[in-house]
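Report on the structure given below.
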Amino acid sequence: MKRPFVQNVLSRLDYKIITAIIPPGSRVLDLGCGDGELIAWLMEHKDVDARGVELLPDLVQAAIARGASVYQGDIETSLNDYPDQAFDYVILSQTLQQTRHPLQVLRNMLRVGKRAIVAFPNFGHYSVRLAHLFSGRAPRNRLFPYDWYDSPNLHFLTVDDFETLCAKENWPVERTIFLAGQREVERLPNLMAEVAVFVITSR
Amino acid sequence: MDIPSSMVVETQIVTFPSLALDCGVTLSPVDCAYETYGELNAARTNAILVCHAFSGDAHAAGISKEDGRPGWWEDMVGPGLAFDTDKYFVICANVLGGCRGTTGPGSINPITKAPFAMTFPVVTINDMVRLQKLLIDHLGITRLLSVSGGSMGGMQTLAWAVLFPDAVASVIPIATTSRHSAQQIAFNEVGRQSIMSDPDWLDGGYYGLKPPKRGLAVARMVGHITYMSDDSMKEKFGRRLRQRAELGYDFSAEFEVESYLRYRGSQFVDRFDANSYLYITKAMDYFDLAAGHASLGAAFEATRARFLVISFTSDWLYPTYQSLEIVSALRGRNRDVAYCELPSTYGHDAFLLEVEEQTDLVRGFLDRTFRNVSRKVAS
């Protein structure tokens, strides 16, 4: 099983962006790492010391089979084990909206990592707004392809929501990248970005 | 059918002058029975030690020259298998205290010229590992690519990582624990009491006489129950009767599960020494990786190896929580650890039976470790 969102919408673009951010030789933790594709790529091409956490056993097996050091567990609890500042980068790609306690997860990411790279689908994208406005139902589109009753998403956030949280929590935002399809969005990200990537630091 | 000569293996024995044990006694001399498979490469970086479980021996793979038996891990160790002997040099040794060639309670005490029996010193998992280290040194290997094993073999892998951090690049503890729980000690004690209450045991002095076969067989029956699961027993035996259609209202082995356990028990006594059962179960019960350290995490402080920890869903003898304790402590020290709980209905036996999934995990893990090691050697 692949993460359909990453595969279909981002294709390899999220890898390109994340790998462009991460310098060679870094220590990286990928949360919700799936079958370890990104970790394996980082190890191969950037000589990165990469670890992963994934909940689904099939994906964990696939990740270990390709040589990735992946731990089968829940990111909401297993992050507690790691010592402070154990990693240079902690990646959370397309999983924030699926966590039960996103704030706790983000705080923990910044505890165990010097930087957090958070990528999430933007609920503020105009297509979502229009789908909701015109159908009068829970929005379902390319970004949020699930029926309300079997969606893995527990929280719905926009670019502006996340920026507000960063300001409130006093997290310095080092970099933002906004994406629509295969290209970067320059203006009105809260309206135009399908996916937002934030790099925040632990001060 | 002709067996390729490369598959036929012979257990070899090397004798070391002495070994100082945890209990304070020094054994001298000490024999270590071992087998090897595949070829050691020129850089000596492809050696893997596999550690057997409680009742195993040095014969992990290939066909035994002595008796034609396949090895206890024949599905995992061999050409093209998880521990690929076309690529790696695999070593397996009988544990200290055992009865398959390595010095144990059945060995002759050089001073008295009689079997040690219960005068044999109590040995520990760490002692077993120290003997393996002597063997590795003897074979000219300074750093193992990996140490792997299930159950008691898994305890040895953990002890290797802690005792000889510079001598192991990776360890693969499977279906194991960092220390025996009260329940695990309890099952072992039932086995020991079964042996020691057999009148033929004679305080361990049965060598040359009639061995305590009944006690040992019952001990093994208990063991087999703990190796299976409710589901696997249901599937394998259910309530099926053996060679009869109705209950006989007697105490013969009428249920298939009864007959199976009796068969496994009686088979075991022909290949295992009752005193070794006592000594090896005691070594397992004594095992506590955190002993002498502030915590399990502190015990792992010295380790430098990569870890691949595997547990199985239906294993209630070495349950997943015990593997998670290991993994959690390793993560607390930010050690390189991969962990997976494999689905299986086989219970503890899964580590010998779930070959396909373990093969994928072990192959990928070893391959990555070997590339890391080779790269460091090259640079």
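Same order as they appear, the protein sequences are chains A and B.
For what it's worth, my numbering labels the leading residue of the first sequence as 613, then goes sequentially.
For what it's worth, my numbering labels the leading residue of the second sequence as 9, then goes sequentially.
Each residue gets a CB set at the ideal place from its N, CA and C atoms; glycine is no exception.
Residue range of the unbroken beta strand (DSSP E) whose run includes residue i
| i | result |
| --- | --- |
| B/Ala-175 | Taken as a continuous stretch (DSSP letters only), B/Ala-175 belongs to no beta strand (DSSP E), as it is neither H nor E. |
| A/Ile-729 | 725-733 |
| A/Thr-813 | 807-813 |
| B/Ile-288 | Not the beta strand (DSSP E): B/Ile-288 falls in the alpha helix (DSSP H), residues 282-294. |
| B/Val-98 | 97-101 |
| B/Ser-156 | 154-158 |
| B/Phe-138 | Looking at the sequence provided, one finds Arg at residue 138 of chain B rather than Phe. First-last for B/Arg-138: 133-146, but that is the alpha helix (DSSP H), not the beta strand (DSSP E). |
| A/Ala-792 | 785-792 |
| A/Leu-755 | Element bounds for A/Leu-755: n/a, residue is neither H nor E. |
Residues near residue i by beta carbon distance below 7 Å, same chain, minus five either side
| i | result |
| --- | --- |
| A/Ala-805 | Asn-734, His-737, Val-771, Phe-790, Leu-791, Ala-792, Val-797 |
| B/Ala-125 | Pro-113, Gly-212, Gly-213, Tyr-215, Asn-283 |
| B/Asp-323 | Ala-183, Gly-355, His-356, Ala-358 |
| B/Asp-206 | Pro-220, Arg-222, Gly-223 |
| B/Glu-47 | Phe-97 |
| B/Ala-28 | Thr-34 |
Host alpha helix (DSSP H) of residue i (start-end)
| i | result |
| --- | --- |
| B/Phe-359 | 358-361 |
| B/Thr-328 | 328-340 |
| B/Gly-273 | 264-276 |
| A/Asp-772 | 771-781 |
| A/Asp-587 | An answer regarding residue 587 of chain A cannot be provided, because it is not within the stretch 613 to 815 covered by chain A. |
| A/Ile-651 | 649-658 |
Residue i in three-state terms, based on DSSP
| i | result |
| --- | --- |
| B/Gln-191 | helix |
| B/Phe-349 | Rather than Phe, the amino acid found at residue 349 of chain B in this sequence is Glu. Looking at B/Glu-349 - three-state DSSP - the assignment turns out to be strand. |
| B/Ser-36 | coil |
| B/Ala-41 | strand |
| B/Ile-318 | strand |
| B/Asn-380 | helix |
| B/Thr-367 | helix |
| A/Pro-669 | helix |
| B/Ser-237 | coil |
| A/Thr-707 | coil |
| A/Val-717 | helix |
| B/Glu-82 | coil |
| A/Phe-746 | helix |
| B/Ala-169 | helix |
| B/Pro-123 | strand |
| B/Gln-20 | strand |
| A/Thr-689 | helix |
| B/Met-9 | Interpretation of B/Met-9 is limited by its pLDDT of 45, a score under 50 that renders its predicted location unreliable; the figure taken from the coordinates is listed afterwards. The answer is coil: DSSP assigns B/Met-9 none of H, G, I, E or B. |
| A/Ala-662 | strand |
| B/Glu-254 | coil |
Test item: CB-CB of residue i and residue j under 8 Å
| i | j | result |
| --- | --- | --- |
| A/Thr-689 | A/Leu-643 | no |
| B/Tyr-287 | B/Val-130 | yes |
| B/Cys-59 | B/Gly-157 | yes |
| B/Glu-365 | A/Gln-673 | yes |
| B/Ala-51 | B/Val-385 | yes |
| B/Gly-273 | B/Met-229 | yes |
| B/Thr-377 | B/Leu-89 | no |
| A/Ala-662 | A/Val-640 | yes |
| B/Lys-73 | B/Glu-18 | yes |
| B/Phe-373 | B/Val-345 | no |
| A/Leu-691 | A/Val-724 | yes |
Outcome for residue i when other beta-carbon atoms lying within 10 angstroms are tallied against a minimum of 16
| i | result |
| --- | --- |
| B/Cys-31 | exposed |
| A/Ile-703 | buried |
| A/Ile-729 | buried |
| B/Gln-140 | buried |
| B/Ile-318 | buried |
| A/Phe-732 | buried |
| B/Ser-303 | exposed |
| B/Thr-150 | exposed |
| A/Leu-761 | In the sequence as displayed, the identity of residue 761 of chain A is Tyr instead of Leu. Label assigned to A/Tyr-761: exposed. |
| A/Tyr-683 | buried |
| B/Ala-61 | buried |
| A/Leu-800 | exposed |
| B/Arg-371 | buried |
| A/Asp-659 | exposed |
| A/Leu-766 | exposed |
Cutoff 6 Å; reference residue i; Cβ partners in own chain excluding five residues on either side
| i | result |
| --- | --- |
| B/Glu-82 | Ala-69 |
| B/Cys-100 | Glu-43, Val-58, Ala-66, Ala-68 |
| B/Thr-23 | Pro-37, Asp-39 |
Other residues of its chain near residue i: CB distance less than 8 Å, five sequence neighbours each side excluded
| i | result |
| --- | --- |
| B/Phe-320 | Ala-183, Thr-328, Glu-349, Leu-350, Pro-351, Ser-352, Tyr-354, Gly-355, His-356, Ala-358, Phe-359, Glu-362 |
| A/Arg-727 | Asp-700, Tyr-701, Val-702, Glu-786, Val-811, Ile-812, Thr-813, Ser-814 |
| B/Trp-209 | Ile-203, Pro-220, Gly-223, Ala-282 |
| B/Asp-278 | none |
| A/Asn-720 | Leu-691, Asn-692 |
| B/Ala-298 | Ser-186, Arg-187, Leu-304, Ala-306, Ala-307 |
Given a limit of 7 Å on CB to CB distance, which residues of the region 691-705 of chain A reach chain E? The structure shown contains no chain E; its protein chains are A and B.
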